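Asker: Heads up: the sequence shown begins at 1 in the UniProt record's numbering, then just goes up one per residue.
Have a look at the structure that comes next, please.
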Amino acid sequence: MNEPGRGRWSVPGGRVEPGEDDHAAVVRELFEETGLTVRPGRLVGTVTRAPYRIADYLCDTAPGSPTTPHPGDDADDARFVDRAAYDALPVVEGLTETLAGWSCLPRR
Numbered sequence: 001m002n003e004p005g006r007g008r009w010s011v012p013g014g015r016v017e018p019g020e021d022d023h024a025a026v027v028r029e030l031f032e033e034t035g036l037t038v039r040p041g042r043l044v045g046t047v048t049r050a051p052y053r054i055a056d057y058l059c060d061t062a063p064g065s066p067t068t069p070h071p072g073d074d075a076d077d078a079r080f081v082d083r084a085a086y087d088a089l090p091v092v093e094g095l096t097e098t099l100a101g102w103s104c105l106p107r108r
């Protein structure tokens, strides 16, 4: 992960490139950062981290996609976690509260 979150965990993300809509950006960014091909679902929420407006979507892996994520060049690791493993991770500031507010924390 690039600064300022280096050494902390977060969800994959990135910029919407010119000519892309949110869903196209989600598919591209998740592939670049995890090697997974996904199908974006509903918007679960937005948050503003000046100067960025961040929109997060629920996603399913696409048929035929690998099911184990692999980190891209801007991350040290990538993985799916349950709630116990999540609680042990050093996460970026505000992530737990944001995911809890959207009812998107991993299950116990």
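Built from N, CA and C at the ideal position, the CB exists for glycine as well.
None of the values given here were measured: they were computed from a predicted structure.
1) Using CA coordinates, which residue listed in G19, G101, F31 is at the minimum distance from G45?
2) From which residue to which residue does the beta strand (DSSP E) around A55 run?
3) Within the same chain, show all residues whose beta-carbon is closer than 6 Å to that of G14, passing over the 5 residues directly before and after it, in chain order.
4) Could you tell me the boundaries of the alpha helix (DSSP H) in which residue 118 lies?
5) In the DSSP output, which residue or residues are listed as bridge partners for G45?
6) My assumption, with CB atoms under 8 Å, is that H23 sits in contact with P12. Please give the rounded CB distance.
7) Quick check: what's the CA-CA separation for G72 versus R79?
8) Tell me the rounded alpha-carbon separation between E33 and V27.
9) Let me check understanding here. Comparing Cα to Cα, which of G5, S10, R6 lies closest to T96?
10) Return the chain-ordered list of same chain residues with a C-beta closer than 6 Å to the C-beta of A25, the five sequence neighbours on each side being excluded.
Answerer: Straight from the coordinates:
1) Translated into the one-based positions of the sequence shown, residue 45 becomes position 45. With distances taken between Cα atoms, G45 lies closest to G101.
2) Within the sequence shown, the letter at position 55 stands for residue 55. It spans 52–61 - the beta strand (DSSP E) in which A55 sits, taken as one unbroken run.
3) Taking the first residue of the sequence shown as 1, we reach residue 14 at position 14. So the list reads E29, once near-sequence residues are dropped.
4) Missing from the structure shown is residue 118; the chain here goes from 1 to 108 and no further.
5) On the sequence shown, residue 45 is found 45 positions in, with the first residue counted as 1. According to DSSP, which records beta bridges pairwise, G45 is partnered with D56.
6) Counting from one through the sequence shown, the residue named residue 23 turns up at place 23. Counting from one through the sequence shown, the residue named residue 12 turns up at place 12. Not confirmed; about 14 Å, so no contact.
7) To locate residue 72, count along the sequence shown from 1; it is residue 72. To locate residue 79, count along the sequence shown from 1; it is residue 79. Each residue's Cα considered, the two are about 12 Å apart.
8) Counting from one through the sequence shown, the residue named residue 33 turns up at place 33. Counting from one through the sequence shown, the residue named residue 27 turns up at place 27. Distance between the alpha carbons of E33 and V27: 10 Å.
9) Here residue 96 is taken as the residue at index 96 of the sequence shown, counted from 1. Relative to the Cα of T96, the nearest Cα in the group G5, S10, R6 belongs to S10.
10) Residue mapping note: residue 25 aligns to position 25 of the sequence shown, counting from 1. Counting only Cβ-Cβ distances below 6 Å, and skipping sequence neighbours, we find V16.
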